[in-house]
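Numbering (this note's numbering), first residue to last: 38 to 328.
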């Protein structure tokens with residue numbers, strides 16, 4: 038039985054809800070710096086290109102229907118399979134590395150993690166230029182292979198899809214390793230020991246114990262690698278050239294070279310919609326409960 042105070046509310050009455058004022062500054066920042074520009078780009082995607090570039094505010098759906106051109110569809114397809122392949126390779130390379138770091142002695146984990154993140158100390162553009170020096174016909178790799186007698190002519194590695202793939206894997210591998218390490222570091226070793234005691238084979242230990250418990254790290258790593266790989270610009274521009282154009286390069290070309298801002302805006306929204314749909318499907322199909 039509740040106690041009633043004279044001239045007031047019950048003593049055990051729940052407090053009245055108050056407006057969460059702390060959410061106002063970040064919400065206003067997001068609306069101003071993200072929502073407004075996004076709405077502007079969305080509006081421009083339905084406009085028309087001016088005679089000499091720029092924007093004419095004449096409503097049209099032609100910018101979206103033009104994306105169905107086989108030339109643009111090939112660029113979308115190249116971007117998709119390169120992003121998927123980059124994610125798979127980073128996962129195959131990053132999982133063993135993250136597992137080794139997570140199971141290393143505590144005094145070594147900090148050093149190994151330091152070696153993983155040390156590339157971030159150098160500008161990404163500089164690191165990409167370094168790969169141009171390595172992969173070009175007269176570069177380091179071709180010179181070493183020729184000196185060893187493994188090749189008799191320069192290797193045409195630069196300005197190919199393979200060069201773009203190497204650059205993407207190199208650039209985004211740490212984004213796969215770090216979330217995998219965070220998930221594997223929390224893995225209780227006694228669970229693995231219990232699996233061995235129950236005569237589980239190595240493959241069964243991995244598929245039934247290690248992989249399910251590290252699923253949040255796998256999902257986070259795949260998302261962190263796939264999204265920037267799909268919209269990559271610097272790596273395909275420097276290592277792929279005109280032969281390996283990806284969707285990020287196409288959008289830049291439309292904005293800065295062709296000056297077709299409406300079509301570039303339409304490409305941007307199609308890319309965002311595709312990434313959002315893929316990520317939502319992936320999370321719902323395999324990872325929503327584990328997050």
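Just so it is clear, CB atoms sit at the ideal spot from N, CA and C, and this is done for glycine as well.
Closest by C-alpha distance to residue i, when choosing among the options
| i | options | result |
| --- | --- | --- |
| residue 149 | 66, 137 and 80 | 137 |
| residue 249 | 265, 258, 236 and 220 | 220 |
| residue 276 | 257, 207 and 94 | 207 |
| residue 121 | 295, 310 and 269 | 269 |
| residue 77 | 312, 303, 284 and 225 | 303 |
| residue 133 | 237, 173, 216 and 225 | 216 |
| residue 258 | 171, 236, 126 and 295 | 126 |
| residue 172 | 154, 158 and 204 | 204 |
| residue 166 | 282, 240, 271 and 251 | 271 |
| residue 128 | 237, 213 and 235 | 213 |
| residue 83 | 299, 104 and 65 | 299 |
| residue 96 | 85, 57 and 284 | 85 |
Residue i versus residue j: straight-line alpha-carbon distance, rounded
| i | j | result |
| --- | --- | --- |
| residue 91 | residue 297 | 7 Å |
| residue 79 | residue 246 | 46 Å |
| residue 160 | residue 286 | 20 Å |
| residue 317 | residue 260 | 10 Å |
| residue 273 | residue 67 | 30 Å |
| residue 223 | residue 255 | 14 Å |
| residue 100 | residue 230 | 59 Å |
| residue 326 | residue 185 | Low per-residue confidence applies at residue 326: pLDDT is 48, beneath 50, and the placement is therefore not dependable, though the value from the model is reported in the following sentence. Distance between the alpha carbons of residue 326 and residue 185: 52 Å. |
| residue 102 | residue 75 | 21 Å |
| residue 39 | residue 319 | The pLDDT assigned to residue 39 is 49, lower than 50, so where the model puts this residue is not dependable, and the model offers no usable value. |
| residue 232 | residue 130 | 25 Å |
| residue 315 | residue 111 | 19 Å |
| residue 152 | residue 63 | 34 Å |
| residue 70 | residue 187 | 54 Å |
| residue 106 | residue 113 | 11 Å |
| residue 199 | residue 162 | 18 Å |
| residue 227 | residue 118 | 39 Å |
| residue 146 | residue 209 | 20 Å |
| residue 168 | residue 139 | 29 Å |
| residue 190 | residue 123 | 28 Å |
| residue 197 | residue 280 | 7 Å |
| residue 266 | residue 142 | 33 Å |
| residue 81 | residue 312 | 20 Å |
| residue 293 | residue 59 | 40 Å |
| residue 328 | residue 310 | Note that residue 328 has pLDDT 43, beneath the 50 cutoff, so the model's placement of it is unreliable and the number below is only indicative. Between residue 328 and residue 310, the C-alpha separation is close to 22 Å. |
| residue 174 | residue 116 | 25 Å |
| residue 193 | residue 305 | 32 Å |
Start and end residues, alpha helix (DSSP H) containing residue i
| i | result |
| --- | --- |
| residue 109 | 107-140 |
| residue 215 | 198-222 |
| residue 100 | 99-102 |
| residue 171 | 161-172 |
| residue 147 | 143-154 |
| residue 177 | 177-184 |
| residue 66 | 61-67 |
Per DSSP, cross-strand counterpart(s) of residue i
| i | result |
| --- | --- |
| residue 85 | 93 |
Chain C within 9 Å of residue i, Cβ atoms only
| i | result |
| --- | --- |
| residue 305 | No chain C is present in this structure, which holds just one protein chain. |
(request) Enumerate, from N- to C-terminal direction, the unbroken alpha helix (DSSP H) stretches of 4 or more residues contained entirely within the segment 224-252. (result) For the segment 224-252, whole alpha helix (DSSP H) runs of length 4 or above, ordered along the chain, are 226-234 and 239-242.
(request) Go through the segment 256-306 residue by residue and report every complete run of the alpha helix (DSSP H) that reaches 4 residues or more, in order. (result) 284-293
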